[in-house]
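Numbering (this note's numbering) for the sequence shown: 1 to 470.
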Amino acid sequence: MFVDIGTGLNTNPAYAGIERLDLGGATILPAFADAHVHFMQTGLTLLGCCFDACRSLQDVFDALAGFVRTDGHDWIFGWNLDETQLKEGRLPTIAELDRVVGPRRLWLSRIDLHSAIPSSATVEWARNIDAGFLPENGRFIKDAYNRLATLVVGALPESMKMTALEKARRFCLSAGVTSVHALEGGWSASREDVAMIADFLARPGFHGHVYHQSEDPTLALERGWPRLGGCLFIDGSFGSRTAALSAPYADDPSTSGVIYRDAANIESLIETCAKHGLQLAMHAIGDRAIASLVDAHLALRDLSSPPPVPHRIEHFELPGRETIRRAKEAGLLISMQPAFEVLWGGSDGMYALRIGDRHRMTNPFRSVLDAGLRIAGGSDSPVTPVDPFLGIHGFLNHPNADERVTLNEALHAFIVEPHAFAVPRPDRGRFCTRFRADFICLSSDPFKIDPRELRTVRAARTFVGGNEIS
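Take a look at the structure:
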């Protein structure tokens with residue numbers, strides 16, 4: 001931990017024998033934290049085939065074929081496929097993927113982690129578990145996706161999962177992130193896997209707060225976690241057209257998305273958390289879903305005792321103005337992923353394709369802060385990479401200039417707020433005595449470069465507990 005902070009330490013006789021470390025005049029910040037990571041999924045992504053650079057279906061097939069030739073695992077994982085970036089504007093079919101992977105099991109997730117395209121071998125495997133598992137228009141989506149994603153991870157050998165966790169840890173540290181909120185379980189991992197992840201994150205040299213994505217508080221209570229949830233879905237995502245909207249999708253007027261939980265279910269979860277003194281985190285993206293979640297919190301505001309840390313909403317991508325005000329009234333914390341605007345914002349991005357002119361209203365960072373709400377920054381990794389400066393870039397370069405924030409506000413969201421969103425009295429995120437000595441040296445000074453270049457800044461050196469991580 002930091003035992004002293006300030007000038008004049010070089011002349012203090014109490015520190016005469018202390019080793020000096022010359023950081024070469026680098027810009028130094030407290031280490032970053034990421035308030036929304038699917039940690040196991042992040043590691044599995046690093047072990048799989050990533051399609052984020054693909055711009056055509058042929059690119060997808062070529063990348064997959066190259067991976068298949070060198071990967072010896074029983075399962076083939078494909079990640080970060082975004083058909084809105086492909087010239088054909090569509091996802092590959094099962095038959096097309098079968099021609100590449102043959103009889104092997106393939107799980108190819110769309111970038112939003114709300115749907116996946118299987119190979120025929122995966123469909124057969126799934127139907128042997130439950131004959132009701134059938135792809136819908138060539139992919140698993142909605143509840144089928146959520147159930148199968150858990151089963152797929154559960155089928156992997158423990159050695160592969162441990163390798164994935166170590167990959168995720170190193171990936172985070174390379175980005176200057178020394179602490180994460182790990183949202184695990186439910187659709188992404190079994191109860192046993194969540195316990196494994198928690199044990200891994202308890203090791204020295206890295207730090208994580210586990211959010212068990214379950215309606216059952218038993219594991220959280222057994223492990224002493226004062227929180228429950230994470231991506232407990234109220235709705236889905238824009239990319240898969242399952243985010244719940246108050247008006248139809250621009251590119252498919254036949255649907256306005258999906259509500260996975262009604263008011264009674266949401267209120268029951270809030271009451272469960274109140275009974276046990278737990279913070280609750282839930283996923284809401286579309287305006288209809290966000291409004292229903294805020295309404296439930298307001299309805300029970302006077303019926304339940306407050307948790308040690310206020311309840312939170314994950315994503316909050318398309319809140320209406322009145323809903324923002326009501327979220328403040330409900331005392332909620334807001335966990336947002338500003339890199340979404342970098343990847344999907346603007347008049348030519350995925351948001352505009354899916355919801356038309358409403359794209360100007362997505363991720364309203366300035367409006368949220370001006371309403372008095374607090375934002376913790378995250379990545380939703382592996383949906384977007386663990387890369388705080390990509391998120392900071394998104395904060396300061398929102399396509400809608402009215403929703404941009406300052407650099408200090410963006411840094412606060414990625415350094416201070418994640419710790420305060422998880423525990424009542426954090427000891428990380430500041431240069432203060434008795435705080436953890438986790439800090440980073442930057443490749444350049446973010447205060448001295450064009451805001452449009454912020455995504456190029458990197459953590460050149462990372463220190464955890466005063467020790468440099470190589």
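From the three backbone atoms N, C-alpha and C, an ideal C-beta is built for every residue, glycine too.
The structure displayed is predicted, hence computed values, not measured ones.
query: Per-residue DSSP class, three states only, for V485; result: It is not possible to answer for residue 485, since the shown part of the chain is limited to 1 through 470.
query: M196 - containing alpha helix (DSSP H), residue span; result: 191-201
query: 8 angstroms Cβ cutoff met for L298 and L280; result: no
query: Same chain, Cβ closer than 6 angstroms to W75, neighbours up to 5 away in sequence not counted; result: R105
query: Short Cβ contact (8 angstroms threshold) for F316 with A284; result: yes
query: Contact set for V152: own chain, Cβ-Cβ below 6 angstroms, skip 5 residues either direction; result: W107
query: Cβ shell of D445 (< 7 angstroms), same chain only, five flanking positions each side left out; result: T27
query: Collapsed DSSP secondary structure at Y260 in the structure displayed; result: coil
query: Cβ-based neighbour list, W344, same chain, cut-off 6 angstroms, excluding 5 preceding and 5 following; result: M350, Y351
query: Beta bridge counterpart(s) of N408 as assigned by DSSP; result: None; N408 has no bridge partner.
query: Three or more C-beta pairs below 8 angstroms linking the region 388-398 and the region 50-57; result: no
query: Touch test, the region 368-375 against the region 242-260, Cβ-Cβ under 8 angstroms, three pairs minimum; result: no
query: Residue ranges of each beta strand (DSSP E) within the region 212-279, 3 or longer; result: 227-233
query: Bridge-paired residues (DSSP) for F463; result: F439, E468
query: Length of the line joining the Cα atoms of A247 and I313; result: 22 angstroms
query: Status (buried if at least 16 other CB within 10 Å, exposed otherwise) for F140; result: buried
query: Rounded distance between the beta-carbons of A289 and L354, thought under 8 angstroms; result: Here the sequence assigns Arg to residue 354, which means Leu is not the residue at that position. R354 to A289, Cβ: 15 angstroms. No contact.
query: Cβ pair I392, M336 closer than 8 angstroms; result: no
query: Three-state secondary structure assigned by DSSP to R127; result: helix
query: Three-pair Cβ contact test at 8 angstroms for the region 27-46 versus the region 422-440; result: yes
query: At least 3 beta-carbon pairs within less than 8 angstroms: the region 34-48 vs the region 177-188; result: yes
query: Any alpha helix (DSSP H) of 4 or more consecutive residues that is wholly inside the region 72-158; result: 94-101, 120-129, 142-154
query: CB of G154 within 8 angstroms of CB of D235, strictly; result: no
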